[in-house]
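The end of the sequence shown is residue 384 by numbering that gives the first Met the number 0, with every number in the run present.
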Amino acid sequence: MSATAGTDSAPGGDPGAPDAPGAPGAPEASQARDLTDLELPDLEAALAELGAPPFHARQIYRWVYRRGVTDFARMTDLPLPLRARLAAAFAVPTPSVLERARSTDGTVKFRLGLGDGHGVEAVFIPDTPARTFCVSTQVGCAMQCGFCLTGRMGLARNLTAGEIAGQVRAMAHDLALADRPFNVVLMGMGEPLHNYEPTMRALRMLAAECGLAVPPRRITLSTVGVLPGIARLATEPIMPNLAVSLHAATEELRERLVPLGRKYPLADLLAACRRFPVERRGRITFEYVLLDGVNDAPADARRLARLLRGIRSKVNVIPLNEAPGIPYRRPPDARIDAFGRALAAAGVRVSVRKSRGRDIRAACGQLILEGALPSAGQRMAARLR
Ligand code: SAH
């Protein structure tokens, strides 16, 4: 892929545009409550505390989520005195677009700044086949999968629900797509089921009809296999599609590639998938990063097909995105092809993922922040690069 990616920085203030974070009127964050961390019923309760009727909560959600307006003074359908009281009581922190890099294939990687100086990466993919926002659930990741660059950073901290949903808000308004249908995938930095509550709260905020109204069927949560989290997810009223990062068809190899596999063995993970209520949700996606000479033999494909028997599944084969410091290679195209064919021949539904945004390092497992608040893990990653 040729590298003609462009990077541009955030635009300046435009009076007609969604508010920039820290817009005039924003109160001191220290004394104000974070409005973006409130689900709709929480906001209704908070309004009641201010003596205001609960229906204003839906108006506020519409401004913040659908229109990208975070300055209460501009929320023109709210009574003026209420606007002033809201401005005194609440902050509406929104991840700021520090940088956006456009790939030649239309993928846009965002570097988003959070209130405390940390940052995360999030990606817009124009056609997979629908528009998709890929967001992070943690700053860094604790899972340390052997081929993933994000894991090299270590975990800096969990994101709040407001910061998870805020990434979608920030990108949708930056790209003027808030009124269009889109998918959300939790496949950025971090392990969503290692940050369970905030992740689920974020999904409910995104689903709110008066806001961005993203239906659960348009949301996919990808996990490396945190078993208690999968069991709990199966009981949620707003249940996203489930993707499981498998990567290996034997216990021994999985433990080598995915350290969490030592805690939650492959057999138990597959048993949990068998129990997952997929009849309502279609199919479970199994992600399988293809590593040259490690897990890419036709025999691996046949073993994988046997493991998945009886699970309503599809396999997403992701040829490794190579990165300096990652001790694996991407298999040659012929071998990727043969692996996909062997799976299909064994009756598995399979797609081989075309890697997006490789010229801007927005591809899977390549989300790592360069420059912002280097942690020990990041410094190590930088040395390895
Ligand atoms: N922690 C979650 C979600 C984030 S990773 C999970 O593990 O599912 C999203 C996907 O990208 C995972 O399937 C992950 O294994 C894959 N991935 C990580 N590093 C990669 C790399 N270098 N090349 C290709 N895919 C990678």
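Here a beta-carbon is modelled for each residue, glycine too, at the ideal position from N, C-alpha and C.
With 16 other CB atoms within 10 Å as the buried threshold, where does residue i fall?
{"i": "E27", "result": "Unreliable positioning characterises E27 in this predicted model, as indicated by a pLDDT of 47, which lies under 50. A coordinate reading is not provided."}
{"i": "D295", "result": "buried"}
{"i": "A300", "result": "buried"}
{"i": "P23", "result": "Low per-residue confidence applies at P23: pLDDT is 43, beneath 50, and the placement is therefore not dependable enough to give any value."}
{"i": "A341", "result": "buried"}
{"i": "R101", "result": "buried"}
{"i": "P215", "result": "buried"}
{"i": "P318", "result": "buried"}
{"i": "T159", "result": "buried"}
{"i": "G116", "result": "exposed"}
{"i": "P180", "result": "exposed"}
{"i": "T284", "result": "buried"}
{"i": "L79", "result": "exposed"}
{"i": "R32", "result": "exposed"}
{"i": "A25", "result": "Any reading at A25 is ruled out, since the residue's pLDDT is 44, under 50, leaving its predicted position unreliable."}
{"i": "I237", "result": "exposed"}
{"i": "D36", "result": "buried"}
Should residue i be counted as a contact of the ligand SAH given a C-beta to heavy atom distance under 7 Å?
{"i": "S350", "result": "no"}
{"i": "L148", "result": "yes"}
{"i": "V134", "result": "no"}
{"i": "T222", "result": "yes"}
{"i": "M199", "result": "no"}
{"i": "C144", "result": "yes"}
{"i": "E190", "result": "yes"}
{"i": "M186", "result": "yes"}
{"i": "L319", "result": "yes"}
{"i": "C140", "result": "yes"}
{"i": "E286", "result": "yes"}
{"i": "I325", "result": "yes"}
{"i": "A341", "result": "no"}
{"i": "S312", "result": "no"}
{"i": "S244", "result": "yes"}
{"i": "A322", "result": "yes"}
Restricting to Cα atoms, I'd like to know which of the options is closest to residue i.
{"i": "T222", "options": "A344, T198 and V91", "result": "T198"}
{"i": "L174", "options": "L259, F123, R253 and T75", "result": "F123"}
{"i": "V91", "options": "G292, Q137 and G161", "result": "G161"}
{"i": "R352", "options": "K313, T136, R57 and K262", "result": "K313"}
{"i": "E190", "options": "L111, G139 and Q166", "result": "G139"}
{"i": "R274", "options": "D41, D291, L148 and I229", "result": "I229"}
{"i": "A155", "options": "H193, D126 and R203", "result": "H193"}
{"i": "S350", "options": "L306, P331 and Y287", "result": "Y287"}
{"i": "A405", "options": "Y64, K108, L81 and A87", "result": "The chain is shown from 0 up to 384; residue 405 falls before or after that span and cannot be answered."}
{"i": "I218", "options": "T103, G105, L185 and R32", "result": "L185"}
{"i": "V134", "options": "L97, N182, L148 and C147", "result": "N182"}
{"i": "R61", "options": "A47, A51 and D76", "result": "D76"}
{"i": "A206", "options": "F89, R110, V167 and A304", "result": "V167"}
{"i": "R130", "options": "R329, P94, A177 and N157", "result": "A177"}
{"i": "N240", "options": "E250, R311 and E196", "result": "R311"}
{"i": "E235", "options": "V243, R200 and A343", "result": "R200"}
Under 8 Å, do residue i and residue j count as touching if we go by C-beta distance?
{"i": "L386", "j": "R253", "result": "This structure does not reach residue 386, given that the chain is present from 0 up to 384, and the question cannot be answered."}
{"i": "L256", "j": "G145", "result": "yes"}
{"i": "L306", "j": "A345", "result": "no"}
{"i": "F109", "j": "R99", "result": "yes"}
{"i": "P323", "j": "D291", "result": "no"}
{"i": "A56", "j": "L46", "result": "yes"}
{"i": "P188", "j": "V119", "result": "Correcting the residue identity first, residue 188 is Met in this sequence and not Pro. Yes, the Cβ-Cβ distance between M188 and V119 is below 8 Å."}
{"i": "V347", "j": "A304", "result": "yes"}
{"i": "F338", "j": "P297", "result": "yes"}
Please report whether the beta-carbon of residue i lies at a distance below 8 Å from any beta-carbon of chain C.
{"i": "L111", "result": "This model lacks chain C altogether, as it is built from one protein chain only."}
Which complete beta strand (DSSP E) runs does the segment 294-326 hold, if anything under 3 residues is left out?
312-318
Any alpha helix (DSSP H) of 4 or more consecutive residues that is wholly inside the segment 151-225
160-173 and 195-206
Pick out the complete beta strand (DSSP E) segments inside the segment 227-288, 3 residues or longer, and give them in chain order.
240-244
Taking only runs of the beta strand (DSSP E) that begin and end inside the segment 50-105, which ones reach a length of at least 3 residues, in chain order?
95-101
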